[in-house]
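S.K.: Residue numbers (this note's numbering), protein chains in the order written: chain A, 227 to 440; chain B, 8 to 691.
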Amino acid sequence: MSFLPRPPRTELGLPAANGFSLVELVIAMALLAGSLLIGVLSGQSNLLTMSRNLNMSSQESFIEEDIAAIRRLAETYTWCSGAGEKEAVISATCVSGDPLTQNYYFPNVPPPATAPDDPPPPSVLISNFTDACQDSRLTAPLLILINALPRDSALNLVRTAALADASAPAGGQTHLLRIRYSFTRPTEDASRSADFPPLDREVLILPAVAAWCP
Amino acid sequence: MKTSRLLILLLARTRARGERGFGLLLALLVALITVSSAVTLVSRTQSGWLGVAEQSESRLAREAAEAGLSRVIGELNLPVNRRLLVNPMPFTAWKTRAGNGINLQDDPSLINPCSRFAAFPENHPSARDGLRRLADPSLSEATIQLDADTPTPGIQRRFLLRSVRLSDRNRSHWYRSTRPQAGGNAVGEQSASNFTESLINFNNKNNVGAIELVVQGQVLKGGRVVATSNLSREYLVVPKCCARSFGGPDQMFGNDYRWCFGYPPLAVGLANTSTNSKGGIYVYPGAMPELRQRTNQALRPSSILCRVAAASGSQSCGNAMTVDGVAVKTDSLSFPPLPRLDNNGLPCDPSEAACMESTPPSSAFSIELFKHYNQDSVDDASATSEHSYSRDYLRVLNGEVQFCNKQYAESGTKAASMNDYDRTETILAKSCISLNNYCARQVIEGYATYHCRIKNLYVNDFGASTDSEVRQNNTLFIDTSNGPIYLYIYNQWAKKGLVSGDPVLQQMESFGYADDFPPSSFAPIYTVGGYNDGQIQHVRCAPYTSEANACVDASQSMASMSRAAIISDLENTPDDRAEYTALIGDDGFVRDVFFWMPKASLNLAGDPNIFDTGGDAPQGKPQLSAGLWLNVLRFTLRPTQVYVPSENDEFFPYLRSPNDRLRAVIFDWVARSSTTTSLFQLIP
């Protein structure tokens, strides 16, 4: 087979014996087949890797959004109503709708106008808050809110949220939240865990309201 | 035939004549391109994968640093650790806070001031482990592992505290401690204008501070650090009343309107001058003091605070280190300066030059009660000089301080008895006089307080010989229903002794007590001697406007007690009895007031009727019920009782306005809200 000018012919008009030998043909076919096989296999591997990267990217993207949502919750979470709420709804005791401002988190219970020089009367709203500050009650509603955030089961992702110092004694609670994301590693990657670290994520978040504890 | 040999033969083969095609070369070329493309693709893909992995490690390092910041600030905000938010010291020294076996009470530089009122849990990971690891470089490079609970195979995350910087609001005063890059103990450096914790207080809404933390997050794989990230964050540090949320005068720091109880109910001194070296508690041999809480007499106060800011050498806080089982504890507590009175007799701010240059009026008033002249109404026409000694009721009405005569009952349920004072609720008509010449009214933001210059308080019963008689006029009432009354017994006008012709001395002499109670024993506050001695009772009811009204409700909480304050700058030495500022006993009592006399001595004598089988009846307990800021508290003779406010009582004068002179003495601090955030990376 040649694209060059026709080979010379014999006197009988038969082509001269100047083509591939059988061996050459076999070798050429083997080379082409081998390279094709390599290409196909590497293509499949790349497709798998790209799929895995895409999945990781989706997971990371989801986690980033999830952490941002939890951080927002940790900032807006307030006890101004006397109970843990996602955010303040302006009322007599919730006088600020602006998170991270000093009057946002604590129940607003001024002394009565009729006795301005007396201490404010004991308020169950305040005592609810100060009691909750002693232990896990302060953040229990927040953990419920966090756990209610949407999850994406297709991403093989498990989120756990809990108090970081769950065993702290009364009055010694830091109110730190430990948010942990765990991946279920695809089976095909199991053998490569030594090469690529697992991408479990963990963040500690301190709700802003904790600073308003006595 | 081996493949390699075959290839050599093929390439070396001599072409036949006329064989000019290059199909095999083309096949080789295609194969080469295909394979190299595949290898390149795989390489790039794997490179991307490695890149993702490395990026992930960096992110994990940053998250470790973020977690470290949260952990550090969370731990510093624990009540037991809050002093560290404002205490300028290398942070590696924090380990003494959490060191096993170290009692917090023994480390005054680290103790939260509010621990005087409440016990904070120490047995916490923060106090016992976390903080110790933050501080102690000998512990695994002083790092905190994040994966302790649920370790991730093959990888560890941890953080390292690298720097702590404390500053005031303007950052002009600061202190920074930094851990060397190679680890080890943190070192400290300070601005020229040193940072001290006293810069952060309730005096001004600008008196807040900041704490900046630098934390390094680290990711380890196979024990080797593969990524680090340093994060710096600054938090606002705000003063806060003990056991309260953020508030302050005019709610400057938050909307907790509850009053502050940053107030020691019983504090004695080691003398706060260079000339007076003795202070504290004295219990005479044989004295039987009883020390309890006013509103719950089954409870004792947790301690007697003894101020030792100026202590040195052999000075001590008293001869007895316990009183009725209550320990005397040394404390670096410092009281606010005594109020200065300006030209109008009103308390002013010592930081203002005009205040320091002012001189209060010299006119002052003696409150002296003896004999029982007050059975009948006293009008202007019938008043005699003796009637001036029958007035026994100090109150505020219509914006002025009045001194009146309260009616007494001789019998029935309202009459004075062994444990109670007379509860007749009537002021005798026309008996009141105005003390406008001696008392000044101060109004700040609509809130009025009354400040009276008093020479002395003398309550006695010389001339009486029966219980019925003495109970008719031996109790001075201070009624603060319509506003706080502060009685200033200042050296400038105080009556510190008796001279010939003094009515008090005449009374003593005429009734034969001059020998028992010589003039030299006189004290500006005096309720001893005579048949049944004298009493002072603070009362407070709802505000009223009727001139005939008298309040008889005891005012037992600190919030109320501090509305009737006896303030004195008199200075006494305990060895010289004549120089006591206050003598209280034997049957006499003083109940429910606030003594703010940081240089003075108060002597308490027991009731002799405890042992008598006849004669005058005892007046009951306690002899002294008060918030006490003194230099010396002395228990002498027989059973005596001191009842103090509850330690959780709120301190009244605080929170009325930013201009209040009396502020929370004891408070703590909390870090809240990050003020800045910056992120930067360091090469591992």
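All residues carry an ideal CB built from backbone N, CA and C; glycine is no exception.
Assign I162/B to one of three DSSP states: helix, strand, or coil.
M.R.: As a working mapping, residue 162/B is identified with position 155 in the second sequence. Of the three classes helix, strand and coil, the one that applies to I162/B here is strand, per DSSP.
S.K.: Taking I431/A as the reference, which of A561/B, E73/B, A549/B has the closest Cα?
M.R.: In the first sequence, the residue the question calls residue 431/A occupies position 205. Per the Cα distances, E73/B.
S.K.: Work out the CA separation of A572/B and Y493/B for me, nearest whole Å.
M.R.: Along the second sequence, read from residue 1 onward, the residue named residue 493/B stands at position 486. Along the second sequence, read from residue 1 onward, the residue named residue 572/B stands at position 565. One C-alpha to the other measures close to 5 Å.
S.K.: L76/B: which of G276/B, I543/B, L577/B, E241/B sits nearest, CA to CA?
M.R.: Numbered from 1 along the second sequence, position 69 holds the residue referred to as residue 76/B. Measuring from the Cα of L76/B, the nearest candidate turns out to be E241/B.
S.K.: Below 8 Å on the Cβ atoms is my guess for F674/B versus L637/B; work out the distance and round it to an integer in Å.
M.R.: Stepping through the second sequence from its first residue, residue 674/B is reached at position 667. Stepping through the second sequence from its first residue, residue 637/B is reached at position 630. With a Cβ gap of about 22 Å, F674/B and L637/B do not count as contacting.
S.K.: Report the residue from G352/B, N498/B, I440/B, C411/B whose alpha carbon sits nearest the alpha carbon of I434/B.
M.R.: Numbered from its first residue, the second sequence carries residue 434/B at position 427. Answer by Cα proximity: C411/B.
S.K.: So that I know if they touch, is there some Cβ in chain A lying closer than 7 Å to that of F601/B?
M.R.: For the purposes of this step, residue 601/B is identified with residue 594 of the second sequence, where counting begins at 1. No, F601/B lies away from the interface with chain A (no Cβ there is under 7 Å from its Cβ).
S.K.: Please determine if the stretch 505-523 of chain B and the stretch 592-599 of chain B are in contact, where contact requires at least 3 C-beta pairs separated by less than 8 Å.
M.R.: Segments in contact, no.
S.K.: Using only the alpha-carbon positions, how far apart do A585/B and E554/B sit?
M.R.: Residue numbering aside, residue 585/B sits at position 578 when the second sequence is read from its first letter. Residue numbering aside, residue 554/B sits at position 547 when the second sequence is read from its first letter. With a pLDDT of 45 at A585/B, under the threshold of 50, the modelled position of this residue cannot be trusted; read the value that follows with caution. One C-alpha to the other measures close to 40 Å.
S.K.: In the stretch 227-261 of chain B, which residues sit with their C-beta less than 7 Å from some C-beta in chain A, listed in chain order?
M.R.: Listed in sequence order: K228, A250, R251, S252, F253, F260, G261.
S.K.: Please report the distance separating the alpha-carbon of A71/B from that of S170/B.
M.R.: In the second sequence, counting from the first residue as 1, residue 71/B sits at position 64. In the second sequence, counting from the first residue as 1, residue 170/B sits at position 163. Each residue's Cα considered, the two are about 16 Å apart.
S.K.: Alpha carbons only, please: which of G161/B, G191/B, S200/B, Y270/B is nearest the one belonging to N177/B?
M.R.: Start at 1 with the first residue of the second sequence, and residue 177/B comes out as number 170. Minimum Cα distance to N177/B is reached at S200/B.
S.K.: Please tell me whether G265/A has its Cβ less than 7 Å away from any Cβ of chain B.
M.R.: Within the first sequence, residue 265/A is the residue found at index 39, counting from 1. At least one chain B Cβ lies under 7 Å of G265/A.
S.K.: Closer than 7 Å, CB to CB, is Q270/A near chain B or not?
M.R.: Locating residue 270/A in the first sequence gives position 44, counting from the first residue. No, Q270/A lies away from the interface with chain B (no Cβ there is under 7 Å from its Cβ).
S.K.: If we require 3 or more residues per run, which beta strand (DSSP E) segments fall completely within the stretch 180-216 of chain B?
M.R.: Qualifying beta strand (DSSP E) stretches, in chain order: 181-185, 194-197.
S.K.: Count the CB pairs spanning the stretch 400-408 of chain B and the stretch 438-457 of chain B that are closer than 8 Å, and state whether there are at least three.
M.R.: Flag = yes, the stretch 400-408 of chain B and the stretch 438-457 of chain B touch.
S.K.: Starting from the C-beta of Y533/B, find all residues in its chain whose C-beta is less than 6 Å away, skip the five residues before and the five after it, and write them out in chain order.
M.R.: Counting from 1 along the second sequence, the entry for residue 533/B is found at position 526. So the qualifying residues of the chain are Y465, L590.
S.K.: What does the Cβ neighbour count give for E364/B, buried or exposed, with the cut at 16 atoms within 10 Å?
M.R.: On the second sequence, residue 364/B is found 357 positions in, with the first residue counted as 1. Exposed.
S.K.: From the DSSP output, in three-state form, read off W438/A for me.
M.R.: As a working note, residue 438/A is residue 212 in the first sequence. In the structure shown, W438/A sits in a helix (DSSP, three-state: H, G or I).
S.K.: Can a CB atom of chain A be found closer than 7 Å to the CB of P531/B?
M.R.: On the second sequence, position 524 is the one that residue 531/B refers to. So no, P531/B is outside the interface.
S.K.: Report the CB separation of L173/B from V215/B in whole angstroms; it is logged as a contact under 8 Å.
M.R.: By 1-based counting over the second sequence, the position of residue 173/B is 166. By 1-based counting over the second sequence, the position of residue 215/B is 208. So it is not a contact: roughly 12 Å between Cβ atoms.
S.K.: Grouping DSSP H, G and I as helix and E and B as strand, with all else coil, what is N283/B?
M.R.: One-based indexing of the second sequence puts residue 283/B at position 276. With a pLDDT of 43 at N283/B, under the threshold of 50, the predicted position of this residue should be treated as unreliable, though the coordinate-derived value follows. DSSP places N283/B in coil when its eight states are reduced to three.
S.K.: So R212/A is in the beta strand (DSSP E); what residue range does that whole segment cover?
M.R.: The shown model of chain A, from 227 to 440, leaves out residue 212/A, and the question about it has no answer.
S.K.: Would you report the Cα separation of L368/A and F642/B, rounded to the nearest angstrom?
M.R.: If you number the first sequence from 1, residue 368/A lands on position 142. If you number the second sequence from 1, residue 642/B lands on position 635. C-alpha separation (whole angstroms): 55 Å.
S.K.: My understanding is that R183/B touches G195/B, with C-beta atoms under 8 Å, so please give their C-beta distance in whole angstroms.
M.R.: For this step, residue 183/B is matched to residue 176 along the second sequence. For this step, residue 195/B is matched to residue 188 along the second sequence. So it is a contact: roughly 7 Å between Cβ atoms.
S.K.: Using a Cβ-Cβ distance under 7 Å, would S277/A count as near chain B?
M.R.: Position 51 of the first sequence, counted from the first residue, corresponds to residue 277/A. No, S277/A does not count as interfacial toward chain B.
S.K.: Determine the chain B residues that contact S261/A at a beta-carbon separation under 7 Å, and present them in chain order.
M.R.: Start at 1 with the first residue of the first sequence, and residue 261/A comes out as number 35. The contacting residues are V37, A38, T41, V42.
S.K.: With T356/A as the anchor, note down where its alpha helix (DSSP H) starts and where it stops.
M.R.: Here residue 356/A refers to the residue found at position 130 when the first sequence is read from its first residue. T356/A -> alpha helix (DSSP H) spans 350-358.
S.K.: Enumerate in chain order the residues of its own chain whose CB-to-CB distance from K212/B is below 8 Å, with the five nearest sequence positions on each side excluded.
M.R.: In the second sequence, the residue the question calls residue 212/B occupies position 205. Only G255, M259, F260, P665 meet the Cβ criterion.
S.K.: Is there a Cβ of chain B sitting closer than 7 Å to that of G310/A, yes or no?
M.R.: Numbered from 1 along the first sequence, position 84 holds the residue referred to as residue 310/A. It does not: the Cβ of G310/A has no partner Cβ on chain B nearer than 7 Å.
S.K.: For T400/A, I'd like the list of residues in its chain whose CB is within less than 6 Å of its CB, leaving aside the five on either flank, ordered along the chain.
M.R.: Here residue 400/A is taken as the residue at index 174 of the first sequence, counted from 1. Cβ neighbours of T400/A beyond the five flanking positions: D391.
S.K.: Would you kindly report the start and end of the unbroken beta strand (DSSP E) that includes C411/B?
M.R.: The count along the second sequence starts at 1 and reaches residue 411/B at position 404. That run of the beta strand (DSSP E) goes 407-411.
S.K.: In whole angstroms, what is the alpha-carbon distance linking K312/A and C320/A?
M.R.: Taking the first residue of the first sequence as 1, we reach residue 312/A at position 86. Taking the first residue of the first sequence as 1, we reach residue 320/A at position 94. In a straight line, the C-alpha of K312/A is about 13 Å away from that of C320/A.
S.K.: Indicate whether S284/A and L389/A have their beta-carbon atoms separated by less than 7 Å.
M.R.: Residue 284/A sits at position 58 when you count from the first residue of the first sequence. Residue 389/A sits at position 163 when you count from the first residue of the first sequence. No, they are not a contact pair.
S.K.: Are the stretch 417-428 of chain B and the stretch 500-517 of chain B touching by the rule of at least three beta carbon pairs closer than 8 Å?
M.R.: No contact exists between the stretch 417-428 of chain B and the stretch 500-517 of chain B.
S.K.: Determine the direct distance from the alpha carbon of L351/A to that of R645/B, and round the result to whole angstroms.
M.R.: Residue 645/B sits at position 638 when you count from the first residue of the second sequence. Residue 351/A sits at position 125 when you count from the first residue of the first sequence. Distance between the alpha carbons of R645/B and L351/A is about 48 Å.
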